[in-house]
Amino acid sequence: MEALLKILEELHPEIDFDSHEHLIDEKVLDSFDIITLIAEINDEYDVAIPAHEIIPENFNSAKALYSLIERLQDED
Amino acid sequence: MLFTSYSFIFFLCILISLYYLIPKRLQWKFLLLGSFVFYFFSGWSNLLYILVTIISTYFTGLKIDDLNRKQNAYLKENKGQITKEERKLYKEKIKAKQWKLLLICLIFNLGILAVVKYTNFAIANINSVLSMFRMTELSFVNLILPMGISFYTFKTMGYIIDVYRGKYEPERNIGKLALFVSFFPQLIQGPISRYDDLSKSLYQEHSFDSQTFSYGFQRVLWGYFKKLVVADRIVAAVLTITRNPDIYDGVYVFVGMVFYAIQLYADFTGGIDITIGVAQMLGIEVKENFIRPYFSKSIVEYWRRWHITMGTWFRDYIFYPLSVCKPMLNLSKASRNRFGDKIGKRVPVYLATMMVWFTTGIWHGSSWNFIVWGLLNGVVILISQELEPLYAKFHQKVKIGDTFGFRLFRVIRTFLLMSSLRILDCYRDVGISFKMFFTMFTKPDIRVLFDGSLLKLGLDASDYVVLIIGVIVLLTFSLIQRKGSVREMLSYNSAVLRYSIYIILFFSVLIFGAYGIGFDSNQFIYNQF
């Protein structure tokens, strides 16, 4: 989770990703951020997030995103 | 059958009356019949094209689902008997089969679209190369572009990709799938609905609800007002300017550009109002396609508010899959190693963005002006993305604040930027578009705005009065809409006020609509896409 938070903070240092739960709904993350994020997650966790998983529920908070990573790691 | 034709009004009256009279369980079947009748009137051969798309998509969906069932049965049967690795391998094998089916379906349907829409464009390009070498040129083929083919093809592609992704199960009733694809209010110019959105209310049984019906009717009326009073009136001046670039340059180009922005807005959003309104009169919910786009403060925001269903379609089915596919991730990694983090991580975003905008451009029309228009949109978006840190620094130093004046400046800037890009759409020729754009700066003779020249563009003084009032009405309603639905606000007001507005709107469409001698009710601009 710490590595993920670090990636997120590098993208938007002004946001408190520990507590924010509406990253997509409030347009904190745009589609460009999401693509950058997915590439970095791929590097860090060796997990490929498929396009159909790019939905608000999976990207609205750091916690939700981390759950997605764990789920995809399990599926592997 | 045009939305603005008497035959459409007649068709609609009969369809809606019978829709609420027949047994409710037959309503969706009746709508399917109505949609096919509507489509049949645009040419029986068009019906063949849409049927081929429906049938191929239907069977592909079922086949993909069969493989899912086969996989589930196998995994259940062998639970505990196969290793995790074997399980994974089996799943991959099934997925590969499903991928093959999906690809065949997509290539087949996209192929139909490509052949009817782009064959002559390809021939024209080949001919220009052949003529350079003085070789015999190819002859053009006479292909009819079926009405709404880009819209229904994208709808079915979205559906089959979602089925492949396991977002929902395929529709097992071919009639229901056919209705989703051919639902008549959406056939002409979208919105490009998603199956899981539209199906919620499309197949339901609907009782007549006077409130919903009257909201739908008001929306339709509002659409006709935009289309007939504003768009079809201003088009005369737009055509005079853009079809005579040798005569009308300089300030005229600016006038044409602004007029076209008004025409396109009134035409396209008016058409969508009619679509959503007609659907609402039938009790069916269709997603919004616009959120006051000309109030956008940046180009990125503009594209979030203009033709929303197309933008999200391209995002979900092209931009994301392209950006996160394995080769792109590998490319990202390689470029980060080679050029460093800063440049490397931009590679997939840049590539995917430009490919999406190329596709958006060519989707709009099979000519270079649309491709250049699309690519320029991509370039402007990327530049504004890159300049964001600079803006932030500037705002830290210069405290402008979020004042009304600054917001207005940003809105006007975005409007002018988008209108400038649309010059490519006006002139339909890349060279002429750029030439005319630059004449705005080289021939800034603003006298033409005041010396009566504007009255020689196919519009007389009374037309301008109607247009000015029309635009003021559009603007006022948009400003009110920021606080919520105008129709809902009106419903809280007295019946006298409410009905006065409806009656004024109705009669202004009848009296000030641009038809009769000298006017020709025009096709909707987005019909041709």
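So the protein lines, in turn, are chains A and B.
For the first sequence, counting from 1, position 18 maps to 18 in the numbering used here; every step adds exactly one.
The number in the numbering used here is simply the position in the second sequence, starting from 1, with 76 added.
C-beta atoms are modelled at their ideal positions from N, C-alpha and C, and glycine is treated no differently.
* **N196 (chain B) versus B:I220, B:S495 and B:I544, residue with shortest Cα-Cα distance** => One-based indexing of the second sequence puts residue 196 (chain B) at position 120. Proximity to N196 (chain B) across B:I220, B:S495 and B:I544 peaks at B:I220, based on C-alpha coordinates.
* To do: Report yes or no: is there a C-beta of chain A within less than 8 Å of the C-beta of A428 (chain B)?
  => Here residue 428 (chain B) refers to the residue found at position 352 when the second sequence is read from its first residue. At least one C-beta of chain A is nearer than 8 Å to the C-beta of A428 (chain B).
* Can you give the Cα-Cα distance for M516 (chain B) and F510 (chain B), rounded to whole angstroms? -> Numbered from its first residue, the second sequence carries residue 516 (chain B) at position 440. Numbered from its first residue, the second sequence carries residue 510 (chain B) at position 434. Our two residues, M516 (chain B) and F510 (chain B), have alpha carbons roughly 10 Å apart in a direct line.
* Asked: Nearest to S408 (chain B) by CA position, among B:R489, B:Y279, B:L427 and B:L452, is which residue?
  -> On the second sequence, position 332 is the one that residue 408 (chain B) refers to. Ranking B:R489, B:Y279, B:L427 and B:L452 by Cα distance to S408 (chain B) puts B:L427 first.
* Asked: At a cut of 8 Å, does the region 334 to 347 of chain B reach the region 453 to 460 of chain B through at least three beta carbon pairs?
  -> Because the criterion of three Cβ pairs below 8 Å is not met, the region 334 to 347 of chain B and the region 453 to 460 of chain B do not touch.
* Asked: Got a sec, what are the start and stop residues for the alpha helix (DSSP H) Q294 (chain B) sits in?
  -> Against the second sequence, residue 294 (chain B) aligns to sequence position 218. Q294 (chain B) -> alpha helix (DSSP H) spans S286 to Y300.
* Interface residues of chain A facing F395 (chain B) [CB-CB closer than 7 Å] -> As a first step, residue 395 (chain B) is located in the second sequence; it is residue number 319 there, counting from the start. In chain order: S31.
* **Start-end ranges of the beta strand (DSSP E) lying completely within the region 391 to 427 of chain B, minimum 3 residues** => List check, beta strand (DSSP E) in window: nothing returned.
* Asked: Under a Cβ-count criterion, where at least 16 other Cβ atoms within 10 Å of its own Cβ denotes burial, should K559 (chain B) be classed as buried or exposed?
  -> Residue 559 (chain B) sits at position 483 when you count from the first residue of the second sequence. Counting every other CB atom within 10 Å of its CB across the protein chains shown gives K559 (chain B) a total below 16, marking it as exposed.
* Can you tell which of B:I459, B:F230 and B:K173 has its C-alpha closest to the C-alpha of L186 (chain B)? -> What you label residue 186 (chain B) is simply residue 110 of the second sequence in a count that begins at 1. By alpha-carbon distance to L186 (chain B), the top candidate from B:I459, B:F230 and B:K173 is B:F230.
* Between the Cα of V362 (chain B) and the Cα atoms of B:V506, B:F259, B:Y393 and B:L466, which residue gives the shortest distance? -> Indexing the second sequence from 1 puts residue 362 (chain B) at position 286. The residue from B:V506, B:F259, B:Y393 and B:L466 with its alpha-carbon nearest to that of V362 (chain B) is B:F259.
* Where in the region 96 to 150 of chain B do unbroken runs of the alpha helix (DSSP H), each at least 4 residues long, occur, reported from the N-terminal end onward? -> If one requires a minimum length of 4 residues, the alpha helix (DSSP H) runs lying completely within the region 96 to 150 of chain B are 103 to 116, in chain order.
* To do: Taking only beta carbons into account, state which residues of the region 386 to 410 of chain B come closer than 9 Å to chain A, listed in chain order.
  => Near chain A, meaning a CB-to-CB distance below 9 Å, the residues of the region 386 to 410 of chain B are R391, D392, Y393, F395, Y396, P397, L398, S399, V400, C401, K402, M404, L405, S408 and K409.
* **Bounding residues of the alpha helix (DSSP H) (the contiguous stretch that carries N569 (chain B))** => Taking the second sequence and counting its residues from 1, the one referred to as residue 569 (chain B) is at position 493. Premise fails: N569 (chain B) is in no alpha helix (DSSP H) and is neither H nor E.
* Collapsed DSSP secondary structure at A200 (chain B) in the structure displayed -> Start at 1 with the first residue of the second sequence, and residue 200 (chain B) comes out as number 124. Of the three classes helix, strand and coil, the one that applies to A200 (chain B) here is helix, per DSSP.
* Those runs of the alpha helix (DSSP H) which lie wholly inside the region 190 to 262 of chain B and span at least 4 residues -> Those alpha helix (DSSP H) runs which fall completely within the region 190 to 262 of chain B and span 4+ residues are 225 to 241 and 250 to 258.
* Determine the contact status of Y244 (chain B) and D272 (chain B), defining contact as a CB-CB distance below 8 Å. => If you number the second sequence from 1, residue 244 (chain B) lands on position 168. If you number the second sequence from 1, residue 272 (chain B) lands on position 196. With a cutoff of 8 Å on beta-carbon distance, Y244 (chain B) and D272 (chain B) are scored as near each other.
* **P50 (chain A) at chain B interface by Cβ criterion, 8 Å** => Mapped onto the first sequence, residue 50 (chain A) falls at position 50. With 8 Å as the cut-off, P50 (chain A) counts as an interface residue toward chain B.
* Chain-order list of residues whose beta-carbon lies under 8 Å from that of R563 (chain B) (same chain, five-residue window excluded) -> Against the second sequence, residue 563 (chain B) aligns to sequence position 487. Counting only Cβ-Cβ distances below 8 Å, and skipping sequence neighbours, we find Y291, Q294 and R295.
* Nearest to I350 (chain B) by CA position, among B:F184, B:K519 and B:G266, is which residue? -> The count along the second sequence starts at 1 and reaches residue 350 (chain B) at position 274. Comparing Cα positions, the closest option is B:G266.
* Could you check the C-alpha separation between Y578 (chain B) and Q73 (chain A) for me, to the nearest Å? => Residue mapping note: residue 578 (chain B) aligns to position 502 of the second sequence, counting from 1. Residue mapping note: residue 73 (chain A) aligns to position 73 of the first sequence, counting from 1. Their Cα atoms are separated by approximately 59 Å.
* Under 8 Å (Cβ pairs) to chain A, residues found in the region 318 to 332 of chain B -> Those residues of the region 318 to 332 of chain B that come within reach of chain A (Cβ to Cβ, closer than 8 Å) do not exist; the list is empty.
* What residue ranges within the region 32 to 66 of chain A form continuous alpha helix (DSSP H) runs of no fewer than 4 residues, ordered along the chain? -> Whole alpha helix (DSSP H) segments, 4+ residues: 56 to 59.
* Contact set between R241 (chain B) and chain A, taken where Cβ atoms lie within less than 7 Å -> Numbered from 1 along the second sequence, position 165 holds the residue referred to as residue 241 (chain B). Within 7 Å Cβ-Cβ: H52.
* **Q157 (chain B), buried or exposed, once every other Cβ within 10 Å from all chains shown has been counted against 16** => Residue numbering aside, residue 157 (chain B) sits at position 81 when the second sequence is read from its first letter. Exposed.
* Asked: In whole angstroms, what separates the C-alpha of E2 (chain A) from that of F17 (chain A)?
  -> Indexing the first sequence from 1 puts residue 2 (chain A) at position 2. Indexing the first sequence from 1 puts residue 17 (chain A) at position 17. Cα to Cα, E2 (chain A) sits roughly 11 Å from F17 (chain A).
* Cross-chain neighbours of N60 (chain A) in chain B, by beta carbon under 7 Å -> Numbered from its first residue, the first sequence carries residue 60 (chain A) at position 60. Chain B residues near N60 (chain A): none, gap ~16 Å exceeds 7 Å.
* Asked: Can you name the start and end residues of the alpha helix (DSSP H) that P465 (chain B) belongs to?
  -> In the second sequence, counting from the first residue as 1, residue 465 (chain B) sits at position 389. Where P465 (chain B) is concerned, the enclosing alpha helix (DSSP H) starts and stops at W444 to K473.
* Asked: Relative to chain A, which residues along the region 452 to 465 of chain B have a C-beta separation below 8 Å, given in chain order?
  -> Answer set for the region 452 to 465 of chain B: Q461.
* To do: Measure the alpha-carbon distance for T288 (chain B) versus V541 (chain B) and round it to whole angstroms.
  => The residue given as residue 288 (chain B) occupies position 212 in the second sequence. The residue given as residue 541 (chain B) occupies position 465 in the second sequence. A direct Cα-Cα distance of roughly 34 Å separates T288 (chain B) from V541 (chain B).
* Coil, strand or helix - F588 (chain B) by DSSP -> By one-based count along the second sequence, residue 588 (chain B) stands at place 512. In the structure shown, the three-state DSSP call for F588 (chain B) is helix.
* Drop a sphere of 10 angstroms on the beta-carbon of D238 (chain B), count the other beta-carbons inside from all chains shown, and report buried for 16 or more, exposed for fewer. => Position 162 of the second sequence, counted from the start, is the residue given in the question as residue 238 (chain B). D238 (chain B) sits buried, since 16 or more C-beta atoms from the chains shown fall within 10 Å of its C-beta.
* Answer yes or no: does any C-beta atom of chain B fall closer than 8 Å to that of A39 (chain A)? => The count along the first sequence starts at 1 and reaches residue 39 (chain A) at position 39. Interface residue (Cβ-Cβ distance to chain B less than 8 Å): A39 (chain A) is classified as such.
* To do: Please go through the same chain and pick out, in chain order, the residues whose beta-carbon is closer than 8 Å to the beta-carbon of L29 (chain A), but skip the five residues on each side of it.
  => For the purposes of this step, residue 29 (chain A) is taken as the residue at position 29 of the first sequence. Excluding residues up to 5 positions away in sequence, L11, H12, L23, L37 and F59 lie with their Cβ nearer than 8 Å to the Cβ of L29 (chain A) in the same chain.
* To do: Would you please verify whether the beta carbon of I587 (chain B) is less than 8 Å from any beta carbon of chain A?
  => Counting from one through the second sequence, the residue named residue 587 (chain B) turns up at place 511. So, not an interface residue.
* **Same chain, Cβ closer than 8 Å to E57 (chain A), neighbours up to 5 away in sequence not counted** => The residue labelled residue 57 (chain A) in the question sits at position 57 within the first sequence. The answer, listed in chain order, is A64.
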